[in-house]
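Engineer:
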Amino acid sequence: MSSLLVLTIAAIVLVVLFDYTNGFHDASNIVATVIASRAMTPVQAVTLVAVFEFLGPLLGGTAVANTMGSLVDVSSLPAELSLVVITSGIAGAIVWNLFTWWYGIPSSSSHALVGGLVGAVVVSAGADHVMWGVDTLSSGHLSGVVKVIVSLVLSPIAGFVVGFMIHRLARFLLRGAKPSANTVLRRIQIVTAAGLAFAHGANDAQKSMGVLTMILVLAGFQKEFHISLWVVLLCATAITLGIMSGGWRIVRTVGFGIYKVRPLHAVDAQLTSAAVILAGAISGGPVSTTHVVSSSIMGIGASERPKAVRWGKAHEIFSAWIITMPSAAVVSMVVYGLLRWTMSFFS
Numbered sequence: 051m052s053s054l055l056v057l058t059i060a061a062i063v064l065v066v067l068f069d070y071t072n073g074f075h076d077a078s079n080i081v082a083t084v085i086a087s088r089a090m091t092p093v094q095a096v097t098l099v100a101v102f103e104f105l106g107p108l109l110g111g112t113a114v115a116n117t118m119g120s121l122v123d124v125s126s127l128p129a130e131l132s133l134v135v136i137t138s139g140i141a142g143a144i145v146w147n148l149f150t151w152w153y154g155i156p157s158s159s160s161h162a163l164v165g166g167l168v169g170a171v172v173v174s175a176g177a178d179h180v181m182w183g184v185d186t187l188s189s190g191h192l193s194g195v196v197k198v199i200v201s202l203v204l205s206p207i208a209g210f211v212v213g214f215m216i217h218r219l220a221r222f223l224l225r226g227a228k229p230s231a232n233t234v235l236r237r238i239q240i241v242t243a244a245g246l247a248f249a250h251g252a253n254d255a256q257k258s259m260g261v262l263t264m265i266l267v268l269a270g271f272q273k274e275f276h277i278s279l280w281v282v283l284l285c286a287t288a289i290t291l292g293i294m295s296g297g298w299r300i301v302r303t304v305g306f307g308i309y310k311v312r313p314l315h316a317v318d319a320q321l322t323s324a325a326v327i328l329a330g331a332i333s334g335g336p337v338s339t340t341h342v343v344s345s346s347i348m349g350i351g352a353s354e355r356p357k358a359v360r361w362g363k364a365h366e367i368f369s370a371w372i373i374t375m376p377s378a379a380v381v382s383m384v385v386y387g388l389l390r391w392t393m394s395f396f397s
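Quick note: the sequence shown uses my numbering, first residue 51, plus one each step.
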């Protein structure tokens, strides 16, 4: 077996593992509000979410995958070295995902993947091999790292603002409702939670689809960047299995740690998050489900009782938002150095 084939297989395995940890780490936040509002048991919620999460990548297009696939360009490097670079970036993202999961920190897998890839490419090939996207700003076109950062910055802001407005509207429309309305709202969550799961699958699984396809092109197994059906199915399966495995430390932070979630809050949070995440999937902007869901809950809480929002927890989430990308970049640089050092013994 050639070293190129070994590296290709290793890189694909790491992408699948990242996709799994993405589901394990990020997607469990989809069920946070459903469980916190007692609309479903954890088993019921995870089962529902898993089904629609799987459908998201199949029906959600490939706009985000195309964005991720064009984030870096290491095609000028030798094939084996380019795969080592991409593998290092993915490994950096996985390590950071597992670290933040262990400590229950709701950080972003999207930030981690972007940081990991950029860090590995910069340390190995130089900053010129990163598609920053600054040169297209003058024409009003977003691309590369700039497009990713804009999406990651604007999406939680949109989550907060839209959540605030939707909850104000919902409270106005239901101002005379009886307590029995909570039963109806819990049933509505079956639809809204399914929609959020679909939106998440349509956005997050595409990130892995894009990177996996990039690997196939670099290794010479594909001539052009095109998302194959088997890639879609593989990534959809991996992220769905990740959801089914849980990630309950972060569910506790998002569902119970920011604001006391009732059925109406849960419905509004799911509607808000689904809309923002799906908009990202359609426009090709990768977003963080963790931060969109968290910010929507903050916006909903702020529209009702600002003093009841646990802003300290919000500060913790914001801090994780700031440090994730550079931290994953540093980890990927270390991984790249270790891989190159190890390979030197066999060359």
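Quick reminder that beta carbons are idealized off the backbone N, C-alpha and C, glycines included.
In angstroms with no decimal places, state the Cα-to-Cα distance between residue 246 and residue 324.
Structural biologist: 4 Å
Engineer: Tell me where the alpha helix (DSSP H) around residue 186 begins and ends.
Structural biologist: Looking at the DSSP string, residue 186 is not in any alpha helix (DSSP H), and its letter there is neither H nor E.
Engineer: Would you tell me roughly how many angstroms separate the C-alpha atoms of residue 198 and residue 280, rounded to the nearest one?
Structural biologist: 26 Å
Engineer: Which runs of the alpha helix (DSSP H), 4 residues or longer, sit entirely within the segment 113-184?
Structural biologist: 113-119, 129-152, 159-174
Engineer: From the DSSP output, in three-state form, read off residue 214 for me.
Structural biologist: In this structure, residue 214 counts as helix in the three-state DSSP scheme.
Engineer: If I measure Cβ to Cβ from residue 108 and keep anything under 7 Å in the same chain, skipping five residues before and after, which residues do I get?
Structural biologist: In its chain, beyond the 5 residues on either side, 282, 286 have a beta carbon closer than 7 Å to the beta carbon of residue 108.
Engineer: Taking only three categories from DSSP, how would you classify residue 205?
Structural biologist: helix
Engineer: Counting only the same chain and skipping the five closest in sequence on each side, list residues whose C-beta sits under 8 Å from that of residue 295.
Structural biologist: The residues 70, 73, 74, in chain order, have a CB closer than 8 Å to that of residue 295 in the same chain once the five nearest residues on each side in sequence are set aside.
Engineer: With C-beta atoms as the reference, is residue 66 less than 8 Å away from residue 268?
Structural biologist: no
Engineer: Can you list, in chain order, the residues of its chain whose CB lies under 6 Å from that of residue 238, leaving out five sequence neighbours each side?
Structural biologist: 317
Engineer: Measuring alpha carbon to alpha carbon, tell me which residue in 106, 253, 133 is nearest residue 339.
Structural biologist: Measuring from the Cα of residue 339, the nearest candidate turns out to be 253.
Engineer: What does the alpha-carbon distance come out to for the pair residue 276 and residue 215?
Structural biologist: 39 Å
Engineer: Using CA atoms only, rank isn't needed, just tell me which of 55, 81, 110, 89 is closest to residue 255.
Structural biologist: 110
Engineer: Please determine, among 81, 62, 54, 52, the residue with the shortest C-alpha to C-alpha distance to residue 241.
Structural biologist: 81
Engineer: With distance defined between alpha-carbon atoms, name the residue in 352, 232, 68, 182 nearest to residue 209.
Structural biologist: 352
Engineer: Can you tell which of 222, 191, 179 has the C-alpha that lies nearest to the C-alpha of residue 21?
Structural biologist: Absent from the model: residue 21. The displayed extent of the chain is 51 to 397, so no value can be given.
Engineer: If you check the beta carbons only, do residue 57 and residue 148 fall under 8 Å apart?
Structural biologist: no
Engineer: Please name the residue, chosen from 106, 331, 85, 54, that lies closest to residue 288 on a Cα-to-Cα basis.
Structural biologist: 106
Engineer: Any contact of the segment 358-368 with the segment 224-232, i.e. 3+ C-beta pairs under 8 Å?
Structural biologist: Contact between the segment 358-368 and the segment 224-232 is absent, with fewer than three C-beta pairs closer than 8 Å.
Engineer: For residue 273, does the three-state DSSP call read helix, strand or coil?
Structural biologist: coil
Engineer: What three-state label does DSSP hand residue 53 in the structure shown?
Structural biologist: helix
Engineer: Suppose contacts are defined by Cβ-Cβ distances below 8 Å. Is residue 180 in contact with residue 171 by that definition?
Structural biologist: Contact: yes.
Engineer: Just the C-alpha distance for residue 151 and residue 186, rounded to the nearest angstrom, thanks.
Structural biologist: 36 Å
Engineer: When the Cα of residue 220 is compared with those of 178, 122, 315, which residue comes out closest?
Structural biologist: 315
Engineer: Considering Cα atoms alone, identify which of 377, 176, 205, 337 is closest to residue 349.
Structural biologist: Nearest in C-alpha terms to residue 349, of all of 377, 176, 205, 337, is 205.
Engineer: When you compare only the Cα positions, how much space is there between residue 61 and residue 162?
Structural biologist: 17 Å
Engineer: Whose CA, out of 379, 207, 164, 327, lies closest to the CA of residue 345?
Structural biologist: 207
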